[in-house]
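With my numbering as the guide, the letters of the sequence shown map in order to residues 2 to 302. By construction, the Cβ of each residue, glycine as well, lies at the ideal position given by its N, Cα and C atoms. Quantities reported herein were computed from a predicted structural model and do not represent experimental measurements. Single-structure report; data block below.
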Amino acid sequence: MATLEIKNLHARVAEEDGEQILRGVDLEVKSGEIHALMGPNGSGKSTTSKIIAGHPAYEVTDGEILLRLEDDDFGDLEIPDDARTWNLLELEPNERAALGIFLGFQYPAEIEGVTMTNFLRTALNAKIDEREELLFGEDDEEEEEEAGYDTSPMEGNVDDGEVGVAEFQKLLKEKMDLLDMDEKFMQRYLNAGFSGGEKKQNEVLQAAILEPSIAVLDEIDSGLDIDRLQDVSKGINALRDEQGTGILQITHYQRILEYVEPDHVHIMLDGKVVKSGDASLASELEDKGYDWVREEVYEAA
Numbered sequence: 002m003a004t005l006e007i008k009n010l011h012a013r014v015a016e017e018d019g020e021q022i023l024r025g026v027d028l029e030v031k032s033g034e035i036h037a038l039m040g041p042n043g044s045g046k047s048t049t050s051k052i053i054a055g056h057p058a059y060e061v062t063d064g065e066i067l068l069r070l071e072d073d074d075f076g077d078l079e080i081p082d083d084a085r086t087w088n089l090l091e092l093e094p095n096e097r098a099a100l101g102i103f104l105g106f107q108y109p110a111e112i113e114g115v116t117m118t119n120f121l122r123t124a125l126n127a128k129i130d131e132r133e134e135l136l137f138g139e140d141d142e143e144e145e146e147e148a149g150y151d152t153s154p155m156e157g158n159v160d161d162g163e164v165g166v167a168e169f170q171k172l173l174k175e176k177m178d179l180l181d182m183d184e185k186f187m188q189r190y191l192n193a194g195f196s197g198g199e200k201k202q203n204e205v206l207q208a209a210i211l212e213p214s215i216a217v218l219d220e221i222d223s224g225l226d227i228d229r230l231q232d233v234s235k236g237i238n239a240l241r242d243e244q245g246t247g248i249l250q251i252t253h254y255q256r257i258l259e260y261v262e263p264d265h266v267h268i269m270l271d272g273k274v275v276k277s278g279d280a281s282l283a284s285e286l287e288d289k290g291y292d293w294v295r296e297e298v299y300e301a302a
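Laid out in structure tokens, this is it:
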């Protein structure tokens, strides 16, 4: 079971005189748990998600983000004792992803000319290679000797990587069946011409393929009609129930939590988590809004 631990996180926009956004965020998410992070616009929710993933637009001025790993986090792979705790702030975004961090975007990019299948297999193999390098050290001598393509430089060797084409096709079908997705998705270019709901489903599919320990989903419910909301929610539940992924679900609204019941709900105000509770806290927010939380917090202070 992996644990993501955010301690006293302070951050600002990474430019001269950049605005301070986070002012002491404390949060802990474990594999197999669903956490909802809620709050009004400008409270720091999306900034928190991007900093976890390593977005360069923000500068951390204090605090730390730790990822603690256990033996079962990478299947049968035995994790060395000295590679069980990582400070994510010392790692590049690709290294964080390799160790089990996933960020689902609110506005996924469209990429013409790259099929979903090729993108996902490439991402999976890159994650596996990067993870082994981080855990066991770099070993690129053989890679240097065999550098080059056996086919077109635009395509590369279809059998390159830990997961070959045939094995990946089997894996992809399993994951799409798990998420109840139409296999026609895979012949399309990455998010190109996708509806908003299809893009969000694709984000969940990527998480299913990459099998992260912790998935941060930034407002994945925004812009969804009720049918797509239910489809996406089913996928999120499958990530937790079938893969044991820990979910940090960032949202403004309680409606997705009717389908994805959180174990914990956290409220952010002015750059920090000010109140936490169970699923009933989200219902209370729906009824009362955020003003009562603000009054409660600042009167106590």
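G105 places its beta carbon less than 7 Å from that of L218. For the stretch 179 to 215, the continuous alpha helix (DSSP H) assignments of 4+ residues that do not extend past its boundaries occur at 197 to 211, in sequence order.
When the beta-carbon positions are compared, L67 and I80 stay at least 7 Å from each other. For G101 against A3, the beta-carbon gap comes to about 6 Å, under 8 Å, which counts as contact. Look at the beta carbons and you see the stretch 109 to 126 touching the stretch 163 to 180: at least three pairs across the two are nearer than 8 Å.
In the three-state DSSP reduction, S284 falls in the helix class (H, G or I). For the stretch 7 to 50, the full-length beta strand (DSSP E) segments reaching 3 residues or more read 21 to 31, 35 to 39 along the chain.
If you ignore the 5 residues before and after M269, its C-beta comes within less than 6 Å of the C-beta of G40, S44, G45, K46, all in its own chain and listed in chain order.
Residue pairing by DSSP places G278 opposite V266 in a beta bridge.
Boundaries of the alpha helix (DSSP H) harbouring I227: 227 to 244, taken from the DSSP string. In this chain, T116 is not harboured by any alpha helix (DSSP H); it is covered by the beta strand (DSSP E) spanning 112 to 116.
Residue pairing of G105 in beta bridges, as defined by DSSP: L218. Here DSSP, grouped into helix, strand and coil, assigns Y299 to helix.
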